[in-house]
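Novice:
Numbering (UniProt numbering), first residue to last: 1 to 279.
#1: Among 237, 250, 183, 246, which residue has its Cα nearest to the Cα of residue 261?
#2: Note the first and the last residue of the continuous alpha helix (DSSP H) segment covering residue 38.
#3: Please classify residue 19 as buried or exposed, where buried requires at least 16 neighbouring CB atoms within 10 angstroms.
#4: Taking only the alpha-carbon atoms, compute the straight-line gap between residue 107 and residue 159 and give it to the nearest angstrom.
#5: Give the secondary structure of residue 232 by DSSP, where H, G and I count as helix, E and B as strand, and everything else as coil.
#6: List the whole-angstrom C-beta distance separating residue 157 from residue 138, where the pair is believed to meet the contact cut-off of C-beta under 8 angstroms.
#7: Report buried or exposed for residue 210, applying the criterion of at least 16 other Cβ atoms within 10 angstroms of its Cβ.
#8: For the structure I just gave you, are there three or more beta carbon pairs, one from the stretch 49 to 61 and one from the stretch 83 to 90, closer than 8 angstroms?
#9: Grouping DSSP H, G and I as helix and E and B as strand, with all else coil, what is residue 64?
#10: Provide the residue span of the alpha helix (DSSP H) that contains residue 192, from first to last.
#11: Taking the alpha-carbon of residue 241 as reference, which of 93, 82, 22, 164 has the nearest alpha-carbon?
#12: Can you name the residues that DSSP bridges to residue 88?
#13: Determine, using beta carbons only, whether residue 226 and residue 33 come nearer to each other than 8 angstroms.
In structure tokens, the structure reads:
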């Protein structure tokens, strides 16, 4: 029997209404397109160790295979997840440091399961959408592209909080085993059609340490405001500086806000009105 409250799963969450869109070829194409625009300026394989305000602007120390290096600039836009930034040497103001250290991030994980055939379409006429569960999987996502092609990949689980912690503590092999066992309760074809998998737990990923920022009403009042303004020459951007946490839209919103703020600041510095005198 369907739980009578099931319709509440997403319908009344304003950012999860029924009509949604995705980037052609996958959501990572958005990041790839942005990368092309700034490819010449990127320094890959570089781990940031220090971000500090200095009298002339900002100093950043990073480490790569060749050792430590120092960068200086007039302004820094810091988009590091807060749990990562919390472990980096900085000299930010006390209210900013407190927000960085105490805004919690959700524990979350996913697994991709590749199958020899798209049995959910061929056998069950499922074309996209989500199956919600009350077990460790939490959700199974079905692809909304390449319908009736030879192979297919399901999102075998997308879980949060305690379920994500429990599953994330397993080895990759055991995560796969759990996803197949629990998923087979819904789709018996799982084990016969399965090929391979890949899983990730964002709270255990070194440069994420969580899925996204989670604010309660108190944190919004006491911690969130400190991240919305620059700390001298360092600006903060990312989903954690908006009300659209967890979404790319939040990251874009914060980027627009920070760029507008910097533009306003620099424009004010450049404008010099002539001093006129009578006589």
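Ideal placement from N, C-alpha and C gives every residue a C-beta, glycine not left out. Treat the numbers as computed from the prediction; the structure is a model and nothing was measured.
Specialist: A quick look at the data gives this:
#1: Against the chain shown, residue 261 aligns to sequence position 261. Closest option to residue 261, Cα to Cα, is 237.
#2: Along the chain shown, read from residue 1 onward, the residue named residue 38 stands at position 38. Residues 28 to 38.
#3: What you label residue 19 is simply residue 19 of the chain shown in a count that begins at 1. With fewer than 16 Cβ atoms within 10 Å of its Cβ, residue 19 is classed as exposed.
#4: Position 107 of the chain shown, counted from the start, is the residue given in the question as residue 107. Position 159 of the chain shown, counted from the start, is the residue given in the question as residue 159. Distance from the CA atom of residue 107 to the CA atom of residue 159, rounded to whole angstroms, is 8 angstroms.
#5: The residue given as residue 232 occupies position 232 in the chain shown. Three-state DSSP puts residue 232 in coil, outside helix and strand.
#6: Walking along the chain shown from the start, residue 157 turns up at place 157. Walking along the chain shown from the start, residue 138 turns up at place 138. Indeed, because the Cβ distance is near 6 angstroms, the residues count as touching under 8 angstroms.
#7: Taking the chain shown and counting its residues from 1, one reaches residue 210 at position 210. Residue 210 should be labelled buried.
#8: Yes, they touch.
#9: Translated into positions along the chain shown, residue 64 becomes position 64. Of the three classes helix, strand and coil, the one that applies to residue 64 here is strand, per DSSP.
#10: Walking along the chain shown from the start, residue 192 turns up at place 192. First-last of the alpha helix (DSSP H) with residue 192: 190 to 193.
#11: Mapped onto the chain shown, residue 241 falls at position 241. Here the closest residue by C-alpha is 82.
#12: Within the chain shown, the letter at position 88 stands for residue 88. According to DSSP, residue 88 bridges with nothing at all.
#13: Counted from its first residue, the chain shown places residue 226 at position 226. Counted from its first residue, the chain shown places residue 33 at position 33. Result no, Cβ atoms of residue 226 and residue 33 do not sit closer than 8 angstroms.
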